[in-house]
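Below: one structure, written as structure tokens.
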Amino acid sequence: KNEVEQSPQNLTAQEGEFITINCSYSVGISALHWLQQHPGGGIVSLFMLSSGKKKHGRLIATINIQEKHSSLHITASHPRDSAVYICAVLPNTDKLIFGTGTRLQVFP
Amino acid sequence: EPEVTQTPSHQVTQMGQEVILRCVPISNHLYFYWYRQILGQKVEFLVSFYNNEISEKSEIFDDQFSVERPDGSNFTLKIRSTKLEDSAMYFCASSGQVEQYFGPGTRLTVT
Chain A
5 KNEVEQSPQN LTAQEGEFIT INCSYSVGIS ALHWLQQHPG GGIVSLFMLS
55 SGKKKHGRLI ATINIQEKHS SLHITASHPR DSAVYICAVL PNTDKLIFGT
105 GTRLQVFP
Chain B
227 EPEVTQTPSH QVTQMGQEVI LRCVPISNHL YFYWYRQILG QKVEFLVSFY
277 NNEISEKSEI FDDQFSVERP DGSNFTLKIR STKLEDSAMY FCASSGQVEQ
327 YFGPGTRLTV T
């Protein structure tokens, strides 16, 4: 069983839609990352959070430590948001444990 | 804004050859990492490095792999004798405390 599970695996949306990507994990963590990976392969860190909620532009990330669950929301989605979104957790060690990613395609 | 850089962006090598992947972490960061992503699979941790030594490594990081910080700025990953299954995207990351910042990756193709 994967320690980090994401859903859905694939997501398509029309421009302007509100999008939610979910991440559940089974280990104790000190922090959780949401990452964005574009078709070229590069990874960009969107958020790191250990409690509550963070907002950056149209992106919102929440985490519930008790339920071991995090969500990434995109408001007013745009085709340029099309990418793979990856949840990665940091247990009480050095190494990030990654989910398999959610492939998002936003159509005009 | 400071960023992690990696060179080369793409490396093609023959099986059995040695490769060195280079990373320049963010300058005031103290923790350094290498990750690997085989095509179509999830990103996997390889190794973490702090205070000039390996702090943690995965089972993937066998004797064929080594890391070093040769000059206080570069952070390198060496694969001594590449295998076909080493073909992957290799990401370097660095952190000051907790949040990790990723480089753009090096795509390694072993033929």
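Listed in order, the protein sequences are those of chains A and B.
Heads up: take any position in the first sequence, counting from 1, add 4, and you land on this note's numbering.
Heads up: take any position in the second sequence, counting from 1, add 226, and you land on this note's numbering.
Idealized CB from N, CA, C, for every residue including glycine.
None of the values given here were measured: they were computed from a predicted structure.
Per DSSP, the continuous beta strand (DSSP E) segment holding GLN263 (chain B) begins and ends at 257-263. Along the segment 71-97 of chain A, the positions whose C-beta sits under 9 Å from a C-beta of chain B are ILE90, ALA92, LEU94, THR97, read in chain order. The residues LYS57, SER75, in chain order, have a CB closer than 6 Å to that of THR66 (chain A) in the same chain once the five nearest residues on each side in sequence are set aside. Listed along chain A are LEU39, GLY46, ILE47, VAL48, SER49, each with a C-beta nearer than 8 Å to that of PHE328 (chain B).
Residue burial annotation: THR332 (chain B) is buried, with at least 16 other C-beta atoms found within 10 angstroms of its C-beta.
Per the Cβ contact rule, the segment 282-291 of chain B is not in contact with the segment 75-88 of chain A (fewer than 3 Cβ pairs under 8 Å).
Our two residues, ALA314 (chain B) and ILE252 (chain B), have alpha carbons roughly 23 Å apart in a direct line. Of all C-beta pairs linking the segment 230-247 of chain B to the segment 266-286 of chain B, fewer than three are shorter than 8 Å, placing the two stretches out of contact. Contact residues of the segment 230-252 of chain B toward chain A are absent (C-beta to C-beta distance below 8 Å). DSSP places LEU94 (chain A) within a strand segment (E or B) once states are collapsed to three. When the five nearest sequence neighbours on each side are left out, the beta carbons in the same chain lying within less than 7 Å of the beta carbon of ASP312 (chain B) are those of ILE305, LEU334, VAL336, in order along the chain. Around SER281 (chain B), the beta-carbon contacts reaching into chain A at under 7 Å are ASP98. Close to LYS268 (chain B), with beta-carbon spacing below 8 Å, are these residues of chain A in chain order: ILE90, PHE102, GLY103, THR104, GLY105.
Separation of the CB atoms of GLY103 (chain A) and VAL8 (chain A) is rounded to 4 Å, and the pair is thereby assigned contact status at 8 Å. A contact between stretches requires three or more CB pairs, one per stretch, nearer than 8 Å, and the segment 35-54 of chain A meets this requirement with the segment 87-104 of chain A.
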